[in-house]
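Residue numbers (the working numbering): 164 to 370.
Next up, the structure:
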């Protein structure tokens, strides 16, 4: 199993966590986004959007972090990250998609580059943009979190897998996190699990 990723990519970070939680061995290949390696013909052949992550398995390539984790859950169901029960599944995916579809796409690298180079938005206002959308999403997610140590209860699910990378990103932009005690509690619980710690960008950054 071959994972094409970038160490600071939130989407790649999610997949590393999921692979680690399931105890799946994989080889990591760096795609250096700041060097535009994602735009190379070789990478575009495996990921037409020119993004990361991409997971290559037996000659097939799966893209999009949610699709990859869903595939992993189907092939390697323990521990399960997306419940089989329809109601529980909907709740878990709603939390994950709030992060993956509503927060993250508005502050990823390609959006920030477009704001800077095409719309000529200065750094102060780009950072304000990022903080606004993270805070807006976190405020909603806080109301959706349960009372257990993790977002959905006593064990991590896919929404926790999405939360931890978004917290990492939030700290890079100095987003105040005190208003979100349930989210902070879930992040702290995740930090106690080696699979989360091993996926941290500081642990996998190119030497």
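We treat Cβ as the ideally placed atom computed from N, Cα and C, and that holds for glycine.
A quick note: this is a predicted structure, and the numbers were derived from the prediction, not measured.
Between the segment 247–258 and the segment 184–203 there are fewer than three inter-stretch CB-CB distances shorter than 8 Å, so the stretches are not counted as touching. Where residue 167 is concerned, the enclosing beta strand (DSSP E) starts and stops at 165–168. Nearest neighbour of residue 178 by Cα position, chosen from 369, 308 and 244, turns out to be 244. Per DSSP, residue 185 lies in no beta strand (DSSP E) and is assigned neither H nor E.
About 5 Å separates the beta carbon of residue 168 from that of residue 215, a gap short enough to meet the 8 Å contact definition.
Shown here, residue 227 sits in coil according to DSSP, grouped into three states, outside any helix or strand. For residue 300, the closest alpha carbon among the candidates 260, 210 and 368 is that of 260. For residue 219, the enclosing beta strand (DSSP E) has its first and last residue at 217–220. Closest by C-alpha distance to residue 354, out of 340, 336, 370 and 319, is 319. Rounded to the nearest angstrom, the Cβ distance from residue 338 to residue 289 is 14 Å, too far for a contact under 8 Å. Residue burial annotation: residue 329 is buried, with at least 16 other C-beta atoms found within 10 angstroms of its C-beta. For residue 350, the number of other beta carbons within 10 angstroms of its own is at least 16, and it is reported as buried.
Where residue 323 is concerned, the enclosing alpha helix (DSSP H) starts and stops at 321–335.
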